[in-house]
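These protein sequence lines map, in sequence, to chains H and R. Under my numbering, the letters of the first sequence match residues 1 to 211, in that order. Under my numbering, the letters of the second sequence match residues 212 to 422, in that order.
Number of protein chains: 2
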Amino acid sequence: MPASPVEFWFDFGSNYSYLSAMRIEALAREQKVEVVWKPFLLGVVFKALGWESSPFVLQKLKGDYVWRDMARLCAKYGLPWRQPSTFPRTALLPMRVVLIGADQGWIAPFSRRMMTMNFAEDRDIDNLDAVGEALTTLGLDAPAILALALTDENKLRLRRQTQQAQALGLFGAPGFVCNGELFWGNDRLHDALAWATVTEPRACHPDNQPE
Amino acid sequence: MPASPVEFWFDFGSNYSYLSAMRIEALAREQKVEVVWKPFLLGVVFKALGWESSPFVLQKLKGDYVWRDMARLCAKYGLPWRQPSTFPRTALLPMRVVLIGADQGWIAPFSRRMMTMNFAEDRDIDNLDAVGEALTTLGLDAPAILALALTDENKLRLRRQTQQAQALGLFGAPGFVCNGELFWGNDRLHDALAWATVTEPRACHPDNQPE
């Protein structure tokens, strides 16, 4: 029985999404699992929950911890890391552009490039220069792609995909959805991929008790 | 060079502390790491942060997710699990009692028993019956221990230990502290134990970048 696909829900402004975006394709390949990249606007989700910014900004103690946690995790994973001087960075333009990549087959490498700009190079990414540079580096036709990205239809598509994230119960990023199961956070990446290859229902309903 | 000890900061009301409390001694033994159990009042920490209850109660979407996450993780770890009908459970009496166990050498088995009552048996634990039963099951002198636990000195000790948790920057539970490093959450248990055996400084300050 083939593995089920795993949806990877992310936002370019989300630091823990960076950790997953850089690793998910290699890990999924090892397990022969297909990844479906699902960009959504995390800020919209936060606002609907009543938060005016990231919890890492609103809760100073947790925010301080998060940057230390990120440095340790990047060292562990062998990923480059520089704490962004602006957080959370807006990413509306690259989030619109990356949707085109879902159709054209370059969503993963473009996403890794955006994430690297934000979290390893401390660069603003919500502008034509950064996005154009990333597209060109990948050998893509930047003007044609930007034209597609900025249509009303595509803008609406990103809004709809964000609503879909809310309907799935997402309250943060990254999220992973597999066989109707939601997993939240980079810490659940392995569990989500393992779920893709489960062939029988897991005994993990609320009454589950060994013995 | 011997491994550094790892402090394990927990509250009996904290569901993710349950996952660590049940597993930490076996995992630490494998790595020859000493565990120092550090009970603290998580509710006091939350109140000081402006939260009137657990974030899993205050944020309904996250709360719903957490119970599913717990069921999955318990299935993965082979731990019994029943969603508590009261959450978060108060645990002031057992938290006072467990401090005596730190002096007398039974803090780990008593903690596992309290956690099991709360998260596998759905029993209230903040009463003399539950605490007395747990002590007696361990072959301990329940009346003598309860007398020690209820002295003003011991109550003050728990308050001081909670202040120490705040001074360490703890904003949730469980927490692990090793060599001055704070790790938050059951998901960091392995990383905290690994930190205990690090012999040279890790390259994980904010400017860390491979190459």
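C-beta atoms are modelled at their ideal positions from N, C-alpha and C, and glycine is treated no differently. All values derive from a computational prediction rather than experimental measurement.
Own chain partners of residue i with C-beta closer than 6 Å, once the 5 adjacent residues on each side are dropped
i	result
Leu400(R)	Ser231
Ser225(R)	Leu253, Ala384
Ala302(R)	Phe223, Gly224, Ile336, Asp337
Asp333(R)	Arg293, Pro295, Ser296
Val342(R)	Leu304, Pro305, Val308
Tyr229(R)	Met326, Phe330
Leu150(H)	none
Trp278(R)	Gln294
Contacting residues, own chain, Cβ-Cβ under 8 Å from residue i (five flanking each side not counted)
i	result
Pro5(H)	Val33, Glu34, Val35, Val36, Cys178, Ala196
Leu339(R)	Leu304, Leu357
Val98(H)	Phe12, Trp37, Pro39, Ile107, Phe110, Ser111, Met114
Ala214(R)	Gln242, Lys243, Val244, Glu245, Ala407, Thr408
Phe382(R)	Val256, Leu260, Trp395
Asn365(R)	Arg307, Leu310, Ile311, Leu359
Arg368(R)	Leu310
Glu344(R)	none
Beta-carbon proximity list for residue i, same chain, < 7 Å, skipping 5 on both sides
i	result
Ala313(R)	Trp248
Gln377(R)	Val256, Ala259
Leu193(H)	Val6, Leu27, Ala28, Gln31, Val33
Ile235(R)	Phe219, Val246, Leu400
Asp402(R)	Phe394
Thr136(H)	Ala142
Gln375(R)	none
Cβ-Cβ separation, residue j to residue i (assumed contact under 8 Å), whole Å
i	j	result
Met22(H)	Leu79(H)	5 Å
Tyr16(H)	Asn186(H)	4 Å
Residue(s) in a DSSP beta bridge with residue i
i	result
Val6(H)	Val35(H)
Per-residue DSSP class, three states only, for residue i
i	result
Val177(H)	strand
Tyr16(H)	helix
Phe119(H)	helix
Trp278(R)	helix
Leu393(R)	strand
Ala90(H)	Note on residue identity: the sequence assigns Thr, not Ala, to residue 90(H). Here Thr90(H) sits in coil by DSSP.
Ala196(H)	coil
Arg160(H)	helix
Arg23(H)	coil
Ala345(R)	helix
Leu272(R)	helix
Arg424(R)	A query on residue 424(R) cannot be resolved here, the shown segment of chain R reaching from 212 to 422 and no further.
Ile125(H)	coil
Asp352(R)	coil
Ala50(H)	The amino acid occupying residue 50(H) in the given sequence is Gly; Ala does not appear at that position. In the structure shown, Gly50(H) sits in coil (DSSP, three-state: anything other than H, G, I, E or B).
Ala40(H)	A small correction: the amino acid at residue 40(H) is Phe; Ala does not occupy that position in the sequence shown. Three-state DSSP puts Phe40(H) in coil, outside helix and strand.
Leu187(R)	Here chain R comprises residues numbered 212 to 422, so residue 187(R) is not present and cannot be evaluated.
Asp222(R)	coil
Met212(R)	coil
Leu361(R)	coil
Gly105(H)	coil
Asp191(H)	helix
Which listed residue (the options) has its alpha carbon closest to that of residue i
i	options	result
Phe298(R)	Phe267(R), Phe382(R), Thr327(R), Leu381(R)	Phe267(R)
Glu181(H)	Asp280(R), Val409(R), Ala286(R)	Asp280(R)
Gly316(R)	Gly350(R), Gln270(R), Asp398(R), Trp395(R)	Gly350(R)
Asn118(H)	Lys62(H), Ala144(H), Trp81(H)	Trp81(H)
Arg96(H)	Gly185(H), Trp184(H), Thr162(H), Tyr77(H)	Thr162(H)
Gln59(H)	Val277(R), Gln270(R), Gly261(R)	Gly261(R)
Gly169(H)	Leu369(R), Met212(R), Lys273(R), Ser264(R)	Lys273(R)
Ile100(H)	Asp141(H), Met1(H), Phe176(H)	Asp141(H)
Ala71(H)	Ala120(H), Asp191(H), Arg89(H)	Ala120(H)
Ser54(H)	Arg89(H), Tyr77(H), Gly175(H)	Arg89(H)
Residue i CB to nearest heavy atom of the ligand FMN below 7 Å
i	result
Trp106(H)	Among the ligands in the structure shown, none appear at all, so the ligand FMN cannot be discussed.
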